[in-house]
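See structure below.
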Amino acid sequence: MLESTSVIAAAALEAHTNTDTNRDTAPDTRAALRFVTCGSVDDGKSTLIGRLLVDSRAVLQDHLAGVQRGGQTDLALLTDGLSAEREQGITIDVAYRYFSTESRKFIIADAPGHEQYTRNMVTAASSADAAVVLVDATKLTWQLPLPALLPQTRRHSLLVNLLRVPSIVFAINKLDAVDDPALAFAHISAALNQFADHASIPVKAIVPVSALVGYNVVDANPGWCDYRGPSLLDILEHLPATPADLDSAFAFPVQWVEKFSSSADTSQGRRVFWGRVATGSVRPGQQITVLPGGKTATVAQVLDHTRRLRAVGAGHSAGLILDRELDVSRGDWLLISGGFEPASGSREITATVAWMDEEPLVPGRVYWALQGHRWVKAKVRRIVHQTDISTLATHAAAQLDVNAIGVVELVLLEPIPALPFKQSRILGSLVLVDTASHKTSGAALIL
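Per this note's numbering, residue 2 is the first one in the sequence shown, and the count goes up by one each step.
Listed below in structure tokens is the structure:
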């Protein structure tokens with residue numbers, strides 16, 4: 002089964018990137034930007050990231066020398082680190098890379114393009130601030146005014162939009178390899194705009210690039226393809242980071258219980274419940290409800306990741322000490338009393354599901370559903386409909402096959418604090434896991 006990041010690791014990461022929770026939470030361009038590259042197979046995603054790293058001088062010389070092939074630099078090898086990836090020349094798992102410019106830090110997720118690894122792309126996109134969807138111009142009949150897009154380009158674009166990735170950028174790659182780059186860029190841009198309008202996908206920009214040569218990746222090439230806009234890196238430097246969800250009611254998934262710690266006088270002999278605040282903020286004096294169970298208590302003290310006493314907001318690690326002992330363990334939720342209706346949580350939900358298992362989803366099947374750190378059994382009541390990624394039309398379906406997208410009704414054995422995914426990424430999402438094989442089977446986004 003999936004294993005959550007440890008509290009210690011989360012606190013260490015927060016100590017490195019911590020910002021004052023009282024600071025203005027509006028989207029800004031100062032925070033590190035997490036972005037994912039996606040699209041069809043062999044569109045040049047790994048090469049694009051390699052070009053970003055090399056041209057922004059984020060690669061050491063000895064590392065660069067290690068990716069020389071036949072006297073030339075194979076940029077894709079900077080991210081394709083698995084031996085199977087290097088042997089086959091494809092990306093299999095998500096590769097994370099870090100680099101920075103004078104104005105910003107970046108965390109890149111290089112997602113595989115093959116259909117069988119769609120689940121890896123979903124994992125990378127679930128926490129991304131932006132997505133760069135690559136389109137290979139050489140694979141399309143760019144001579145047509147509205148060339149047909151590849152299925153995986155459409156699927157990945159739909160998925161990053163479903164996953165509420167705030168900023169989506171289309172990068173049309175390999176235009177240096179076509180006879181008329183300007184015409185190809187114009188026609189493919191028109192097809193992407195038509196598709197985005199039809200699918201209600203907000204697009205931040207469409208930029209022509211050559212990852213292999215370096216056009217418009219780090220440095221702008223004004224006039225190439227009749228394009229005079231910013232380079233891809235310029236666009237990324239000005240995209241907003243996702244703000245913490247401070248406006249929703251307080252919700253806190255318990256990840257670890259510190260039992261009667263004597264390491265700090267602040268605990269006063271009581272247990273400390275550690276985790277990362279999902280939504281809202283917490284301060285002493287607030288009344289909370291434990292889910293499941295429904296017992297209530299008052300927050301006596303709040304510790305931040307360094308064990309200082311202070312209020313903590315969404316996205317930050319916290320330790321909560323209650324005014325009385327309750328039966329609380331890993332996986333339970335601490336919710337502000339009166340903040341969720343019904344207070345007992347939700348057992349019946351309707352969700353958009355991106356199915357990623359070779360075994361199809363069928364009504365009547367039971368899966369493990371993971372929300373936060375809580376596992377509950379979930380039964381598929383019925384499939385409402387499936388979405389055709391080519392036409393975006395919906396139709397009835399008896400099952401959802403691998404890589405299908407549809408809407409299903411789920412019945413949970415125990416209640417969860419559910420919110421629509423469009424309102425909360427954390428409270429509005431579930432991971433469905435096969436009870437027998439323990440494989441991640443699907444991502445469910447609550448409607």
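The beta carbon of each residue, even a glycine, is placed where N, CA and C say it ideally should be. Small disclaimer: the values here were computed from a predicted structure and weren't measured.
Alpha-carbon spacing of residue i relative to residue j, whole angstroms
i: E360; j: L141; result: 32 Å
i: R331; j: D305; result: 18 Å
i: V134; j: L160; result: 11 Å
i: S442; j: A312; result: 37 Å
i: G465; j: I202; result: Nothing can be reported for residue 465, as the shown portion of the chain is limited to 2 through 448.
i: I189; j: A250; result: 43 Å
i: V42; j: Q153; result: 8 Å
i: D324; j: R277; result: 20 Å
i: G339; j: A131; result: 34 Å
i: Q287; j: G407; result: 39 Å
i: P209; j: L176; result: 7 Å
i: H157; j: A405; result: 12 Å
i: I322; j: T351; result: 35 Å
i: R426; j: A126; result: 12 Å
i: L310; j: G316; result: 17 Å
i: S128; j: V409; result: 23 Å
i: K106; j: S438; result: 39 Å
i: H386; j: S347; result: 22 Å
i: K46; j: L234; result: 14 Å
i: S211; j: V218; result: 7 Å
i: L433; j: P418; result: 16 Å
i: P146; j: F186; result: 10 Å
i: T392; j: E326; result: 55 Å
i: S318; j: S282; result: 11 Å
i: L362; j: A397; result: 14 Å
i: T297; j: I289; result: 6 Å
From the options, residue whose alpha carbon lies closest to that of residue i
i: R1; options: L147, F422, L247, S442; result: Residue 1 lies beyond the stretch modelled for the chain, which goes from 2 to 448, so this question has no answer here.
i: D435; options: L446, A370, A352, P152; result: A370
i: V136; options: L150, V214, L145, A125; result: L150
i: Y228; options: T388, I207, T48; result: I207
i: V354; options: Y368, I447, R366; result: I447
i: E238; options: K205, P254, N222; result: K205
i: V402; options: E415, L393, L193, T388; result: According to the sequence as given, residue 402 is Asp; it is not Val. If we check each option's Cα against that of D402, T388 comes out closest.
i: I169; options: R155, A178, D181; result: R155
i: A301; options: G314, G320, G294; result: G320
i: G429; options: V258, A32, Q372; result: Q372
Helix, strand or coil at residue i according to DSSP, with G and I counted as helix
i: R1; result: Because the chain in this structure spans residues 2 to 448, residue 1 falls outside the shown range and cannot be described.
i: W225; result: helix
i: I50; result: helix
i: L414; result: strand
i: A465; result: With the chain running from 2 to 448 in the structure shown, residue 465 is simply not present.
i: D111; result: strand
i: D44; result: coil
i: D435; result: strand
i: Q302; result: strand
i: I236; result: helix
i: Q479; result: The question about residue 479 has no answer here: the residues shown for the chain are numbered 2 through 448.
i: A27; result: Low local confidence applies: a pLDDT of 46 at A27 is under 50, so the model's placement there is unreliable, and no value is given.
i: A250; result: coil
Exposed unless 16 or more other CB atoms sit within 10 angstroms - verdict on residue i
i: G82; result: Low local confidence applies: a pLDDT of 47 at G82 is under 50, so the model's placement there is unreliable, and no value is given.
i: H374; result: buried
i: T280; result: buried
i: K378; result: exposed
i: Q256; result: buried
i: K423; result: exposed
i: F358; result: Here residue 358 is Asp; the residue named in the question, Phe, does not match the sequence. Per the 10 Å Cβ criterion, buried.
i: A444; result: buried
i: G295; result: exposed
beta-carbon residue i near the ligand NAD non-hydrogen atom, thresh 7 Å
i: L323; result: With respect to the ligand NAD, the structure shown offers nothing to examine, as it has no ligands at all.
Chain B within 8 Å of residue i, Cβ atoms only
i: N217; result: The displayed structure is made up of one protein chain only, and chain B is not part of it.
Beta strand (DSSP E) runs wholly inside the segment 155-192, at least 3 long, in chain order: Within the segment 155-192, the complete beta strand (DSSP E) runs of at least 3 residues are 168-174.
Mind listing, in chain order, the continuous alpha helix (DSSP H) runs of no fewer than 4 residues lying wholly within the segment 370-399? Entirely contained in the segment 370-399, not one alpha helix (DSSP H) run reaches 4 residues.
Entirely within the segment 305-361 and at least 3 residues each: give me those beta strand (DSSP E) ranges in chain order. 318-323, 334-337, 347-356
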